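The next block holds one structure in the form of C-alpha cells; read it before the comments.
Protein chains in written order, with the numbering used here: chain A, 1 to 633; chain B, 634 to 882; chain C, 883 to 1140.
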C-alpha cells in the first residue's frame, strides 16, 4: 500500500462520509423534534437516487447535460422533501402519541412499502446514472489524480454542516426547531403552529436525505438494497456521533467512512500463507469503532442521555394461568404432538406445524427481551442466523452429529448475543434499538461476504439430521420438545425473581438501582438468554429446511419476529405464541402468492399499529372483559 | 345559548361549562364548570391528582377534552388547537416551568413574542422585553444566559415573562410557587399583583394558601375531577379544612 | 465504651462544575432516631449534597461515612446494600406490578436473591412484604396494581420499598412534594413514627416550611454551596441570615399567621 492509494482512499472516504452525514443529519433533525426514529430514512436516500437517475436524462434531453444533471439532483431533493411532508401528514401525525415501538414499526412498514413501490416503478435491476458534466475529470493532488466529483462530494458535507448550523442558531425557524426538540407542547402553548412546524421539519430531514442520495448519481447505481444498508450505516453514525448532534453526525460519518476506506486501501494481503481480502474487515472495523466509542462515551461523541421515553401504559400485572388456561395449553400441546398422525390426512399440516413451532420459539425469545425486558430489539434475527449457520456449518463442514451440531449452533448464538448484548444493554430506548439493528446488519454483511465459511449469498446446503431425527416425524417431535422446553423455561423465569427484576428495571431503572438490583447485569443476562434460545430456533430451522441462506439473518427476519409479537400482543406471555402461529399461517399462504409481499407485510404492520395496538391476546382479553361486564349487568 | 364566533364585549374572560378531560385513557375531569371575569384573579385548589393541572391543560388545549361550553370572551375555543388558543390571548405558565434550557433567556422571550400581522385578534396589554425585565429585574442581567443555568426561582420568573411576551389577556398559572424558595414566592406575589392591577385575568392553580389569599378574590375547590366548592376566598379555609386539603399543616 | 458513631457523617465535601463551586466544605452528622431537614434556595447545592451522600456523584474533596464506614465514591447500588433506603421527589415504583410484588421485589433485591431463575417470586418474602405494607398503611391495597394507586398511596408504597432493606439511614428527596396539606401531615407523621420505632436516621430535603418546622428535629441550611446554619428548627427559623437569604418574612407569611 502506498501513500498515494492511502490519499486516494482518504478522499474517497470523505466523499462517502458526506452521503452518510446527510442521511444521519436528517435522521437527527427529525428525531429531535418528533421523537421518532424514522426507519424509512434510508428509503428517502434511495428514492433520491432513483428519482435523480430518472430525472437527469429526461431533463438532459431538453436542457443539456449539465442542467439535466444538476436539475435532476434539485428535482429529486424537492420531490423527496414533498414526499416527506406528505408522509408526515398522512402517517406520522397519527403516531406522535403512540409508544415508541409502534413508531419504529410503522416507519419500518413505510420502508417495506416504499421498497416495493420502487420495485414496481423501476424494476429489480440496478440503474446507472449519468456522470457529472464538468466534474467527470480529475484533479491533481500531491502528484496523484483524484476524481473531481469525489473532491466535490467531500466538500459538500462541511458545507451542509455549516448551513444547518447557521439555520439552527441564526433563524427563528432554527430556534423553533431547537425549542420543539426540547418541549413541543410548550412551543404550541406559545402560539406556534406546531403541526406546520413538524411537517416542515420532516420535509427538511427527508429532503436532506434525498439530496444525499441524488448526489451519489455519478458514483453508484440506484439499487433496491440501498435503503436498509444506508439505514444500518446511518444508525452506526448516529450512535457514534450522539443522537441530536449535527456536529457529532459529521464527525462520526468521517470516522466510520475513513476507517472503511483505510481497510479498502489495505486491499488483499497475505498472512502466513493465507490470503485475506481486507475489504471485508471494513465491517469488523465499523463494529470496533462503535464499540470503542460506546465504551468510552455511552451516549456517543456529542450525545446526551435521552429523557425517559414514553412506553405506553403500564401493562397489567402478570398472572399465572388459571385452570381453564392450563387446560387450553395442554390441549394445544396434545394437538401439536399429534401432528404426525394428522399429517396422514392433511399432508401439509406437519410442515406448517414445524414452521409454527420454530416461529413460536423465535417470537417468545424476542418477547422476553422486549416485553418483560422493555428492550425493543430490531436485530433479533442475528441470533437466529448465528444459531442456524453455526448448526449448518458444524453439520456440513465439520461433519458433527445432529445433537452436537445443534449444540454448536446454540453456542454460536449464545456467544454472539453475549458479545453484542454487552454493548446494547448499556443503551436505552431508541439507542438500544438502533444498535441492535446495526449489529444485525453487520452480522448479515459478514455472513454474506465470508464465502469460505458461510457460502456467501448461496448459503449452506445439505443440512440433514441423522437418525433418529431423519424422519419427518422424528425431526418434528424433537423440534417440538426443544421448543416446549425453551418456552417453559422462559415462562418459569418470567415469574421467578430474575423475571421480576427484569420487569423492575424496565418499569423504573432509578428505583431498581436504589433497591440494589444490578439492572445492567440483569439486562445483559436476559439478552444473552433470549439470544441463546433464539439460536436454538435457528438451529431447528436449518435442519427443517435442509439449507440456510443469508435471508434467515436479515433485518426483515427481525421484523417478522416483531410483527409476530405485536400480532399476538406484547403485554401477554401467550401473545407471541398466538402471533407466531397466525403470522406463519399468513406467510405460508397469502404471502407466497405475490411478488409484493413486502408491501403486504407493511400494510399488515400499519393496520396492527394503527388499529389493533394490543394484538390478538389483547383483543381476546377485551372481548372477555366486555362479556363479563355484560353478564354482570 | 350557543357560543358566538365573534368575541363580545360583555362576555366574561373565560366561561367553562360541563368540562370533561382525559389524561391518556383515564378521565380526569367530570363536568367541571367555572368562570373567570375580566380582570379577575381566581384560585383553583385541590389535592394533587384532583385535576387542577388538567383543567389548565384542557383550557389551553394540551389535554383531550369535551365541554358543553368552553369560551374565551364569548368566542368558542373548544375545537381550536393549542396554538390558536394561545394566539387568542391565553398565556400558559406550566407546572415545572418548562423553560427551553438550551436557549438563552433572550431567545426564550423571543419565542413567546407574538409575530405576524395576520393574527390581529384582540389580546391583552402589549409587552416588550424591557417591560418584562422591569417586572422581573432579576432577568435583566442574564439575557444571554442559557435557561438551563438559571435557578428554579429565576426560571419561574422567566416562564411568566415568556407567557407575557404573547400579550395575553388571560394568564393560566400552574402552581407558580411549587418548589420555589419562600423569598421568591414573595416576589412572585408582588409581580402577580401588578399584573392583576394592569387588567390581566388570572387563573391560578395552587396549594400555597399565602399566594392565593394575597391575589385571588374567588376560589374553586376540586376533588377527584369534580367541583366540590366555590365561593369567595375568605370562605375557602373553612371549606377546605373539613376536606383536609388546603392550608396549614 | 465510646459514644456511638453517627449514622451519617459528612466531612468537608466540595464539588465544582466547570469552575463553579456548587458545594464548598460542607460538614454535618445525623444520629439514629433523628429527622434532619436539608433546606435552602434553589441552586444552593441541595441536590449536589444529596447526590453525593447517595452515591450518584463523587465529591472533589471530603468524605462520607455511613455507620463509621467510608463510602465516599461508592456507586448507589453498593450504598443501597449498606443499609441506605431512598425515596424520590417523584415517587418511583414499578407500575406493572401489584403493591405486594413491588415490596417483594425490594425484599428480594435486599437479600441478594435477584438471580433466582426457578422458584416463583410470588411465594418469596410474602409475609414480610405484607407486614411492611401494613406499617405504611397500605395493607388493604396489597393486590392492586401500582399503576392504579392514588399518588399519595404511591408515595407510601415507595416508603415501604425503601424500608425493605432494613435501612439505618433513609434519604428522602422532598417526601411530601405533590401532596395536599392533609396528606403531607399524614406522610410526615408516618415517617416520624417509623424513625422513632426503628431508630432510623432520616435526611430529607423539603420545600414546605410547614413540614420542616413542624416535624424535623434539626435543620441545616445551604446557600451558595455553603452551610449557613445547623441547629434545632426553632433556632434556624429565627436565624437572621437564614431569614435574609431564604425564608424572607417582610410579608406576613404563613408562619406569621395564627
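We treat Cβ as the ideally placed atom computed from N, Cα and C, and that holds for glycine.
Small disclaimer: the values here were computed from a predicted structure and weren't measured.
Among the candidates the options, whose CA atom is the shortest distance from the CA of residue i?
i, options, result
"residue 287 of chain A", "A:102, A:161, A:162 and A:435", "A:435"
"residue 661 of chain B", "B:671, B:675, B:677 and B:688", "B:688"
"residue 728 of chain B", "B:844, B:809, B:823 and B:849", "B:809"
"residue 869 of chain B", "B:739, B:852, B:860 and B:696", "B:852"
"residue 75 of chain A", "A:214, A:584 and A:87", "A:214"
"residue 602 of chain A", "A:105, A:54, A:32 and A:141", "A:105"
"residue 487 of chain A", "A:613, A:573 and A:59", "A:573"
"residue 955 of chain C", "C:894, C:892, C:965 and C:939", "C:939"
"residue 392 of chain A", "A:460, A:411 and A:468", "A:460"
"residue 637 of chain A", "A:551, A:547, A:205 and A:535", "The question about residue 637 of chain A has no answer here: the residues shown for chain A are numbered 1 through 633."
"residue 1153 of chain C", "C:1050, C:913, C:903 and C:915", "Here chain C covers residues 883 to 1140 and nothing more, so residue 1153 of chain C does not appear."
"residue 1106 of chain C", "C:900, C:901, C:906 and C:891", "C:906"
"residue 173 of chain A", "A:258, A:620 and A:196", "A:196"
"residue 714 of chain B", "A:94, A:192 and A:149", "A:192"
Determine, for residue i, whether the minimum Cβ-Cβ distance to residues of chain C falls below 8 Å.
i, result
"residue 815 of chain B", "yes"
"residue 297 of chain A", "no"
"residue 11 of chain A", "no"
"residue 508 of chain A", "yes"
"residue 503 of chain A", "yes"
Step through the CB atoms of chain A and report whether any lies within less than 8 Å of the CB of residue i.
i, result
"residue 654 of chain B", "no"
"residue 976 of chain C", "yes"
"residue 872 of chain B", "no"
"residue 892 of chain C", "no"
"residue 987 of chain C", "yes"
"residue 719 of chain B", "yes"
"residue 998 of chain C", "yes"
Does DSSP put residue i in a helix, a strand or coil?
i, result
"residue 192 of chain A", "coil"
"residue 969 of chain C", "strand"
"residue 974 of chain C", "coil"
"residue 1054 of chain C", "strand"
"residue 911 of chain C", "strand"
"residue 1032 of chain C", "coil"
"residue 1086 of chain C", "strand"
"residue 175 of chain A", "helix"
"residue 906 of chain C", "strand"
"residue 660 of chain B", "strand"
"residue 760 of chain B", "coil"
"residue 777 of chain B", "coil"
"residue 732 of chain B", "coil"
"residue 631 of chain A", "Caution applies to residue 631 of chain A, whose pLDDT of 45 falls short of 50 and renders its modelled position unreliable; the value that the coordinates give is listed next. Looking at residue 631 of chain A - three-state DSSP - the assignment turns out to be helix."
"residue 648 of chain B", "strand"
From what residue to what residue does the beta strand (DSSP E) around residue i run?
i, result
"residue 947 of chain C", "943 to 948"
"residue 699 of chain B", "697 to 699"
"residue 317 of chain A", "Premise fails: residue 317 of chain A is in no beta strand (DSSP E) and is neither H nor E."
Identify the continuous alpha helix (DSSP H) that holds residue i and give its terminal residues.
i, result
"residue 444 of chain A", "429 to 449"
"residue 490 of chain A", "472 to 495"
"residue 425 of chain A", "That residue, residue 425 of chain A, is in no alpha helix (DSSP H); it is neither H nor E in DSSP."
"residue 862 of chain B", "Unbroken run through residue 862 of chain B is the beta strand (DSSP E), 859 to 865; no alpha helix (DSSP H)."
"residue 526 of chain A", "519 to 545"
"residue 842 of chain B", "842 to 848"
Is any beta-carbon of chain B found at less than 8 Å from that of residue i?
i, result
"residue 1123 of chain C", "no"
"residue 963 of chain C", "no"
"residue 1128 of chain C", "yes"
Using a threshold of 8 Å, state whether the C-beta atoms of residue i and residue j are closer than that.
i, j, result
"residue 706 of chain B", "residue 655 of chain B", "no"
"residue 301 of chain A", "residue 390 of chain A", "no"
"residue 21 of chain A", "residue 244 of chain A", "no"
"residue 134 of chain A", "residue 66 of chain A", "yes"
- [ ] Using a Cβ-Cβ cut-off of less than 8 Å, list which residues of the stretch 176 to 206 of chain A approach chain F; keep chain order.
- [x] Looking for chain F here will not work: the only protein chains present are A, B and C.
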